[in-house]
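A short write-up of the structure that comes next.
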C-alpha cells in the first residue's frame, strides 16, 4: 500500500537508500572484524596434505614489518598478529593434522580458513575427506596458500602450478592460489584475508560464541572431578547473556554464574619500546605466571546470573506414571457396580457339592462361542502388551524382530555362536544381499507357518489409500513421548525468536569484548582436553534448545560411500554446533501427512532421518558418520535440519504376497498368502493389488489351507503376483548419547580420492 502511494522518483530514491545502507553495513562489518572495537580476525590453518609446510607458512606470516607477535597459550603453534599501523589484529590457529573433530570445531567459529596445499598434488585422501566434511558443515571465507615448490626447476614449477589450478576448479571454482615463499607474498595473503567478503553461517550468526583463549579450572568443594571452568575469549556473533545456557562443543550444556571483563591481551595499543628487536617482540603468556596475577587485579565483574531469569538445565519431562489414571470410585459408583452384578447373576444347574468358585467357571451352551472369541481377544491383547513391553525393555530384541519382519534370514545366521565367529567381510556381504533383496522386493515378507498371520501382524492395519486415509498422530504413542517437549506451532515460535534477536537489544557482553565466563559444574575432562591442545568452543543456546524432542533431518547419501546403512544402526551426528550418537529412522521425503519407512539409506534419493535429540532451531547443517571397526569415522550422508516435529508420522509397510492358482474372467483362486481359513477371514476387508496394476478384494476362503477366492477389476496374468499391504506407525529408539568418541586419524594416501575398504561382490 505504501509502495503504491510513492511516485517513480520516490521509489528510485528509496531503492538508492536501501542499496547505500547495505553497502555501508558490509563496509562496517569489514572494518569491525579485526579492528579496534571488534574481535580479532580468527584464521584457522588447515593442512590438506601430509607434505604441506605449515610451520614455514606461519613463520612467514609472523615476519611482517611493524607487527607484534604474541604466542597463543591455548594451542601449540598458534599466535596473534597485531598491526597497529594497519589497525588490524589477527589470531592464527593451526588445526591438528588428522583430527577431524578439531577441524570441524574450529571451522564453526573461524572467520577465515587458510587451506595449505602441496605445490604438486594439492591435497591427499585425508584432505579430500576433510574438505567434504567442511563443505557439508558450511564453509566460511577461505584462502588457498601454496608454500614451497622453490626447489623445482622453473619450467616444472610453472607446469605444476597450471596443473594445480586446473585440479582445484571442481572444489573451488573461482579461487585464487597464493604462493607463500616471501614476505611480500605473505603480505598479499594477509591483505586478501582482511579485505575479502565474509561468508555467513546462519547457525552461528544468531548465537553468541567464542573460542577459548585461556582457561582455568577451579575444583568444587565436594569433588575434584567437577568444578567451575573460567573460560576467556572474544565474544562473536551476538550479545552474550549471562542467564542463557552455554554449550561446550563435544561436552554438553552448562549454566554460567558470572561474566568478568579482564584486560584485552590483544589490544592494539600495546606498549612497545623503541629499538626493541623482533625476537624480543614475542611475548609468551603463561597462566601460572605473574601476568595472570596482574590480570586478576584488573578484572571487573560485568554481570552475575539472576536465578529467577536463568535458563534451566532440564532437558526431559519427568513422566508421571499415575497421570491419566482413574481416581478412587465414589460410593455411588460402587453401588452402581453392585447393582449391575446382581442384575447379571444367572441360575446354573451344577452337580451336588460344587462351590461358588467352581460354579462361576461353568459355561452355558449358548455362551461357548462368545467365550472362545473373548479368549482369542485376550490372547491378542496379551501378545500386544508383551510386544510393547519388549520394545521398551530391550532394543536388541526389537532390532531382531524388525529383521525377521523384513527379510527371511537363513538358520545359520540365527545361531549366536556362529555370529560370533563370522568375519567382517561376511557380515558386509550379508548386508549387501539384504539391501539388494529390499530393492528387488520392497517391503515383502514371508507369511509365517508356525504363527497365525492375524497374531503375527496384529499391530498392522490396512489402508484404503496411503495418501488420503486418515491416521491420528496422537494415537498409541510410546512411553518415550512422555519425556519430550513439543511446540504448539514450531514455525511461529522460531520466527518470533529470530525477530527478537534482530530487533531487540539483549543485555550482556557485546560482540568484540574480551570476557571470562564462569561455567558451573563442568567435568575436569574438559580442562584436560584443552591442555592436550584441542580447541574449546562455546555456543550460547537460544531458549528451549536444551530440551529433548524429535528432530527430522533431510539428507543425501554421500557419493564417496557405498556401504549399506540399515535403519536403527547407531550413527554419529554433527548437527550445527552439536555432535551426538543416535539410532535413526529413515523415511521418504514427501508432501503428504504419512511417510513410508525406508529400511536402508538410499543412494539415489533424499531421505528424512528421524531421531530423539535436543531442540535446534533451523537452519543448521547435519553430517552423518558411521564408526568403522578400526575407529575411523566414515562420512555417509550430508544435509540440513528439516523440522522439529514429533507428529511427523513414519509408517512401516509390510507386503504379503500370493500367487494365482486358478484364473477366471475377473476372479482367481490365490494361494500361499495365508495358510489357514481364519487368517483369510481376518484380512478379508483389506484391499488387494497386483504387481501388474490390478486391484481387487477377497470374496471368501476355500478349504482350510489358506486358499481364497478373489475378485479383481480385470483378468490376471498367470505370471502376476497378488499383494496385500499392511501398515504400522514406527518410532525412533531413545539411544541419544552426547558423548562421541574421538575418531582415529584418516589414513593418508597420495591419491585425492579417499581410501575405501575392499567391497566383496
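Numbering (the UniProt record's numbering), first residue to last: 1 to 761. We put the CB at the ideal spot given by N, CA and C, even for glycine. Since we're looking at a predicted model, the values are computed, not measured.
Under 7 Å Cβ to Cβ from residue 60, same chain only, skipping five residues before and after it: list those, please. 180, 183, 186
Tell whether a beta-carbon distance below 7 Å holds between residue 193 and residue 146. no
Could you give the distance in angstroms between the alpha-carbon of residue 11 and the alpha-carbon of residue 51? 58 Å
So which of 549, 131, 646 has the shortest CA-CA distance to residue 594? 646
Out of 257, 686, 734, 305, which has the shortest C-alpha to C-alpha gap to residue 521? 257
Between the Cα of residue 576 and the Cα atoms of 539, 598, 611, which residue gives the shortest distance? 539
Report the CB separation of residue 86 from residue 115 in whole angstroms; it is logged as a contact under 8 Å. Actually they do not touch by this definition, with Cβ atoms about 24 Å apart.
Range of the contiguous alpha helix (DSSP H) that encloses residue 493: 490 to 503
What are the uninterrupted segments assigned as alpha helix (DSSP H) that are 4 or more residues long and contained completely in the region 446 to 484, given in chain order? 453 to 456
Which residues bound the alpha helix (DSSP H) around residue 57? 54 to 62
Is the separation between the beta-carbon of residue 467 and that of residue 592 shorter than 7 Å? yes
Residue 13 to residue 6 span [Cα, whole Å]: 10 Å
For a test of the three-state rule: what should DSSP assign to residue 384, helix, strand or coil? Because the pLDDT at residue 384 is just 43, under 50, the model does not fix this residue reliably, and the point stays unresolved.
Candidates 196, 46, 527, 623, of which the one nearest residue 792 by Cα: Look at the range of the chain in this structure, 1 to 761, and you will see that residue 792 is not part of it.
For residue 713, tell me which candidate among 719, 700, 689, 707 has the shortest Cα-Cα distance. 689
Whole-angstrom distance between residue 667 and residue 711, CA atom to CA atom: 4 Å
Please go through the same chain and pick out, in chain order, the residues whose beta-carbon is closer than 8 Å to the beta-carbon of residue 741, but skip the five residues on each side of it. 627, 631
Check whether the region 250 to 269 touches the region 297 to 312, taking contact to mean three or more Cβ pairs, one atom from each stretch, closer than 8 Å. yes
CB-CB length for residue 615 against residue 498, believed under 8 Å: That pair is no contact at about 14 Å.
From residue 559 to residue 165, what distance separates their C-alpha atoms? 24 Å
How far does the beta strand (DSSP E) with residue 709 in it extend, from its first residue to its last? 707 to 712
Quick check: what's the CA-CA separation for residue 483 versus residue 92? 44 Å
Tell me whether residue 734 sits in a helix, a strand or coil according to DSSP, three-state version. coil
In DSSP terms, what residue 635 is bridged to: 625
May I ask you to report which of helix, strand or coil DSSP gives residue 304? strand
Bridge partner(s) assigned by DSSP for residue 216: 230
Let me know if residue 656 comes out buried or exposed under the rule of 16 or more other beta-carbons within 10 Å of its beta-carbon. buried
Using 8 Å as the Cβ pair cut-off and three pairs as the minimum, do the region 577 to 590 and the region 669 to 684 touch? no
Given this structure, state the Cα-to-Cα distance separating residue 526 from residue 56, to the nearest angstrom. 31 Å
Inter-residue spacing [alpha-carbon to alpha-carbon] between residue 100 and residue 743: 7 Å
Enclosing alpha helix (DSSP H) for residue 193 [first to last residue]: 183 to 195
Backbone CA spacing between residue 292 and residue 64 [nearest angstrom]: With a pLDDT of 42 at residue 292, under the threshold of 50, the modelled position of that residue is not reliable, and no figure is offered here.
Distance CB(residue 130)-CB(residue 635) smaller than 7 Å: no
Cβ contact (3+ pairs, closer than 8 Å) linking the region 600 to 619 and the region 543 to 553: yes
Residue 107 in three-state terms, based on DSSP: helix
On the criterion of 16 or more Cβ atoms from any shown chain inside 10 Å, does residue 548 qualify as buried, or is it exposed? buried
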